[in-house]
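Just below is one structure, and these are the notes that go with it.
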Amino acid sequence: MRNSLLLAAVCLAGAGCASIDRYALRTTAYMLERGRTAALDEPDYQLGRDAVASQLKLIETLLVSEPENLSLRRLAAEGFGGYAFLFVEDAEPQRAKGLYIRGRDHALAALAQKSVFIGLKDKNADDLEKALKWAKKEDVPDLFWAAFGWGGMINLSKDDASALADLPKVYLLMHRVWELEPAYHFGGADLFFGVYHASRPPILGGNPAQAKTHFEWAHRITKGQYLMTHVLNARWYAVAVQDRELFKQLLTKVIESPSGQLPAARLTDEAAKKKAAMYMEKIDDFF
Amino acid sequence: MISFNHAALALLLAASPAAAQTTVIKLATLAPEGSTWMKVLGELSKDLEAKSGGKLKFKFYAGGVSGDEKDVVKKIRIGQLHGAGFTGVGLGEVAPESRLLDAPWLFRSRAELEAVRGKFAKELNAAVEKGGFVLLGWTDLGSVYIFSKNPIASPEDMKKEKMWVWEGDPIAQAAYKALAVNPVPLSVVDVMQSLQTGMINGVYGPPLGVVALQWHTKLKHIYPVPIAESTGAVLVSKKFFDSLPEDQRKLLLDVSAKHLAHLNELTNAENDKALEALKKQGLDLAADPGQAVRRKYEELGVGARKELSGKLFSAELVGKFEKELAALRARSAKKS
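Just so you know, the sequences run in chain order A and B. The working numbering numbers the first residue of the first sequence as 1 and each following residue consecutively. The working numbering numbers the first residue of the second sequence as 1001 and each following residue consecutively.
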């Protein structure tokens, strides 16, 4: 009520009724940001998934009118990447690839608001590395979700040489996150490098020992309360070193632990439990 | 009640003879889950299971989880695994004679490679069997190119470069010797760091391999004349193969041949795509140096094969290959 009175006043003051739209849009953007917290703390997997999906489309619609809105961009980047990882990639990998890329592109658009980061995607590795020297802590969310979306897509494209050829750039983006703020998103950079080093055999550049170290660091950052850490550790590290007992032990822990020990991870924890149960069922495919 | 249970049990057993007798072929490979390789092998296993009425299928150990190829050979010898998709490394262990297929500057094209592989199937199969294995199919791994930091315009230029050679790779060693290049021997695992420190500034490999290993970020140039066509193979142990009933042996060979031929088409297309991707990443593919230079490499190839004769393969087989290639080339010259 107060808002609409205020709007009317703005309109009467002759500032232009076009700004009503803008005002409404900003209010909605603010609501969506609050909604993010609510969605992440959602204990019901299905409700959380559906809520995120409907918010994502709304966020993109708002971005059409306000492409420079950084908080909307960040919601979109995190939303698409997270949605693809938590809810789509296991059942529909093809569809997940497209969603990951949308997440990446929103993050890159956020970065491109600084001129030094324009066109990052198409730079070669050397130039990208140079540009990334300018990155500061405030850029970490955008660097992280750009790498997360890009890396997620490549992980599902192991039959596509042109996608694989970009992996070194993803490495550089995530490495900068790791340098600037390793604790960001539950130690997400360490989780990325854990998967990165464990997902290839040593002869093809993999390094299980380094993977183990990164998973241990990630574990320390969240004191083991972020359940996805154990799921990724089991799926990638335990499989790489063919440690069936460790695989079972980690996944059992996830299935038996309460979700939401970290409130901002409740929904992710629920998804982690689903993934854990699925991997347990497939244990004989991995060992 | 007891007799009812017994009857039910008997019925259950009678109803599922296939499940009770399924033979699982345990096969290891370096190819990662989700790769074209694993997709095709997955289809092969499904097809085999369907056509054998559920009696025969594969279980794959992908992404190198069974160790490197030398470990895998040991595991097959003790019966822990039944077979593998090998690269030249594994083939060198079990059937060194077959490495003639990888010899430097031997084939001018994949078509020549395939023609010769077909023509000498008997000799090559015998080499594989001598090592205690049965061939399910050759797998093309791609044309091997030289990638470098500095531009290479001629064979002489390579002498100035610090070229890498894979420790214990006799083929590449012989190729470098023919070029009078003194390479730096290193394990694959150390290549990336050595490129970074400048200990080496040139490597070789199929484009897809270079992309998978991500060496391309440290390289700038691609030399357009391949050193060799690299060949791998899917093999199963002969002891295991012989333990199968005859109809299953035949089925395994037929179904594998079909799917592995398809895999070769896809791998070749993927290597072409990888070469394009490398160009897109900023690597420069040098212009073709022309027929005269290509012939010069072929002459160097003759020397390299002599060097390897008696070590990996016999001079006799080399002679047969060379004669067949000369005949093939004469025929195609006549046609055009």
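Even for Gly, the Cβ is constructed at its ideal location relative to N, Cα and C.
- Across the set 224(A), 235(A) and 184(A), the C-alpha of 235(A) shows the shortest separation from the C-alpha of residue 208(A).
- At least 7 Å separates the beta-carbon of residue 1187(B) from that of residue 1102(B).
- Look at residue 55(A): its C-beta is not under 7 Å from any C-beta on chain B.
- Per DSSP, the beta-bridge partners of residue 1237(B) are 1133(B).
- Between the alpha carbons of residue 1283(B) and residue 1219(B) lies a gap of roughly 7 Å.
- In this structure residue 1308(B) touches residue 1170(B) by the C-beta definition: roughly 6 Å separates them, less than 8 Å.
- The beta strand (DSSP E) runs lying completely inside the segment 102 to 139 of chain A and spanning 3 residues or more number zero.
- Relative to residue 197(A), the option among 286(A), 185(A) and 155(A) whose CA is nearest is 155(A).
- For the segment 199 to 223 of chain A, the set of positions with a beta-carbon nearer than 8 Å to some beta-carbon of chain B reads 199, 200, 201, 202, 203, 204, 205 and 206 in chain order.
- Its Cα nearest to that of residue 1048(B), the residue 1247(B) stands out among 1286(B), 1247(B), 1312(B) and 1322(B).
- The C-beta distance from residue 56(A) to residue 80(A) rounds to 6 Å, short enough to fall under 8 Å.
- Interface flag for residue 1043(B) against chain A is unset, since no Cβ pair is found closer than 7 Å.
- Residue 1084(B) carries a strand assignment under DSSP once its states are collapsed to helix, strand and coil.
- Counting every other CB atom within 10 Å of its CB across the protein chains shown gives residue 1172(B) a total of 16 or more, marking it as buried.
- Exclusion of the five residues before and after residue 147(A) leaves 170, 173 and 174 as the residues of its chain whose Cβ lies within less than 6 Å of its Cβ.
- Residue 1167(B) has its alpha-carbon roughly 44 Å from the corresponding atom of residue 139(A).
- The alpha-carbon of residue 263(A) is positioned some 16 Å away from that of residue 184(A).
- Within the same chain, and ignoring the five residues on either side of residue 1191(B) in sequence, the residues whose Cβ sits closer than 8 Å to its Cβ are 1164, 1200, 1203, 1213 and 1215.
- Around the beta carbon of residue 221(A), 16 or more other beta carbons sit within 10 angstroms, so the residue counts as buried.
- Residue 149(A) carries a helical assignment under DSSP once its states are collapsed to helix, strand and coil.
- Shown here for residue 192(A): same chain residues with a beta carbon closer than 6 Å to its own, the five before and five after excluded, namely 174 in chain order.
- Listed as beta-bridge partners of residue 1139(B) by DSSP are 1232(B).
- Within chain B, not a single residue places a beta-carbon under 7 Å from that of residue 94(A); the smallest gap is close to 12 Å.
- Per DSSP, the unbroken alpha helix (DSSP H) holding residue 217(A) starts and ends at 208 to 221.
- Contact of residue 164(A) with chain B is assigned, a C-beta pair being separated by under 7 Å.
- With contacts defined as CB atoms closer than 7 Å, residue 1135(B) and residue 1125(B) qualify as a contacting pair.
- Our two residues, residue 53(A) and residue 83(A), have alpha carbons roughly 8 Å apart in a direct line.
- What residue 159(A) touches in chain B, judged by beta-carbon distance under 8 Å, is 1034, 1035, 1036, 1039 and 1270, going in chain order.
- Judged by their CB atoms, residue 1184(B) and residue 1159(B) are not nearer to each other than the 7 Å cut-off.
- Note: residue 1026(B) is bridge-paired with 1059(B) in the DSSP secondary-structure output.
- Residue environment: residue 42(A) is assigned as buried (16 or more neighbouring CB atoms within 10 Å of its CB, all protein chains considered).
- Under DSSP, residue 1148(B) shares a beta bridge with 1202(B) and 1221(B).
- About 6 Å separates the beta carbons of residue 1084(B) and residue 1027(B), which is inside the 8 Å limit, making them a contact pair.
- Taking a C-beta distance under 7 Å as the contact criterion, residue 217(A) and residue 190(A) qualify as a contact pair.
- The three-state secondary structure of residue 1037(B), taken from DSSP, is helix.
- With contacts defined by Cβ atoms closer than 7 Å, residue 62(A) and residue 25(A) form a contacting pair.
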